[in-house]
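Some notes on the structure that comes next.
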Ligand code: NAD
Ligand code: MG
């Protein structure tokens, strides 16, 4: 196998902009065919402007869903995704909001209901990460910001959404391979991703009898704005996986479709799909 090309050096700060990335991430394969798996469903996707969230939005739209796309501040990326959803015949409401504030989470769910009259799929996906080589470099401020962004909104949005979710609806949470194998330079981030696994499992048990399914996706290294915006040395990003390369968002989105679709995953709750280039996850 040819060695994958190195990613070119580039500098961004969080949240990164997808339109500035080289090469541009692939969000959906040109030949992806929808089959109406999510026809007339409404999905709210946090961090839906770029990367894995944007891929999820585009795959959901291909499957016939309408979208509420929540993003922090990357309006150009969000507008671009909205345009693509509209080109597929879908509707896409853009909401710019800092989800670390519970009031904003409640407003986003309210706006979804006011616009579409329903909410069927909640995708908790927004996150940040600030690598530090030593635990002693993780300041209280960073610790709070990481938890307030990566895990608290999963509670806030879910609480707000549960007022409207009914039998057959789903919640999908983005975790990470770092939750399962740890990360020496992302200790606080990996801890929030572990919390997301426990949150998913616990909530699934609480909601199983209502047939509201709660599952998650645990990606490995995926080429998204988070990567050049948080890591300095990205040349070999993803090459330490068994497949020897980073994944594209387009390779993750379909896992969200599978978990969102009653046709595909009706007997699954509390589970994670590991889209990580071949790293075997135990336990
Ligand atoms: P991304 O930068 O494209 O997406 C993260 C999004 O989070 C941003 O678009 C931003 O708008 C949003 N966001 C950040 N702070 C926010 C806030 N306070 N309020 C509202 N929105 C906020 O990067 P991505 O890699 O696609 O990340 C999506 C998810 O995938 C994250 O949960 C991340 O932890 C997870 N993940 C990514 C990788 C990877 O290698 N890229 C690996 C494992 C897990
Ligand atoms: Mg973004």
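In full-length UniProt numbering, the protein residues as written are 1 to 283. Every residue, glycine too, gets a C-beta built ideally from N, C-alpha and C.
- Message: Looking at residue 284: is its Cβ nearer than 8 Å to the Cβ of residue 175?
- Response: Lying before the first or after the last residue shown, residue 284 is absent from the chain, which here runs from 1 to 283.
So, for residue 66: in the same chain, excluding its five sequence neighbours on each side, which residues have a beta-carbon less than 7 Å away from its beta-carbon? 42, 90, 91, 116
*Measure the beta-carbon distance from residue 224 to residue 278 and round it to whole angstroms, keeping in mind my assumption that it falls under 8 Å.*
Going by Cβ atoms, the distance from residue 224 to residue 278 rounds to 19 Å, so no, they are not a contact pair.
Quiz item: Nearest to residue 8 by CA position, among 15, 17, 23, is which residue?
Solution: 23
Item checked: Cα-Cα separation, residue 248 to residue 280 -> 19 Å
If the criterion is Cβ atoms closer than 8 Å, does the pair residue 109 and residue 81 meet it? no
For residue 34, which residues of its own chain have a beta-carbon under 6 Å away from its beta-carbon, when the five flanking residues on both sides are left out?
62, 63
Decide yes or no for the touch test of the segment 117-137 against the segment 167-185: beta carbon pairs closer than 8 Å, at least 3 of them.
-> yes
Is DSSP giving residue 256 helix, strand or coil here? helix
(request) Find the nearest neighbour of residue 233 within the set 5, 10, 14, judged by alpha-carbon distance. (result) 10
Is the closest heavy atom of the ligand NAD to the C-beta of residue 215 under 7 Å? no
> What is the residue span of the beta strand (DSSP E) that residue 171 lies within?
Replying inline: 170-174
**Asked** Relative to the ligand ATP, is the shortest distance from any of its heavy atoms to the C-beta of residue 125 smaller than 7 Å?
**Response** In the structure shown, the ligand ATP is absent; the only ligands present are the ligand NAD and the ligand MG.
If you draw a straight line from the C-alpha of residue 51 to the C-alpha of residue 221, how long is it?
11 Å
Is residue 220 near the ligand NAD, going by C-beta to nearest heavy atom under 7 Å? yes
>> Could you check whether residue 130 and residue 146 sit closer than 8 Å to each other, using their CB atoms as the reference points?
In response: yes
If we call anything under 8 Å between Cβ atoms a contact, is residue 6 one with residue 235?
yes
Only counting the same chain, and skipping five residues up and downstream in sequence, which positions put a Cβ closer than 6 Å to that of residue 133? 185
(Q) Can you tell me which residues form a DSSP beta bridge with residue 247? (A) 222
Identify the continuous alpha helix (DSSP H) that holds residue 180 and give its terminal residues.
178-181
Check your understanding: Is residue 29 helix, strand or coil by DSSP?
Key -> coil
Check your understanding: Between which two residues does the beta strand (DSSP E) carrying residue 83 extend?
Key -> It is not in any beta strand (DSSP E) - residue 83 instead sits in the alpha helix (DSSP H) that spans 75-87.
Through-space distance from residue 36 to residue 139, alpha-carbon basis: 47 Å
How far does the alpha helix (DSSP H) with residue 116 in it reach, from first residue to last? 102-116
query: Do you know offhand how far residue 238's Cα is from residue 275's?
result: 12 Å
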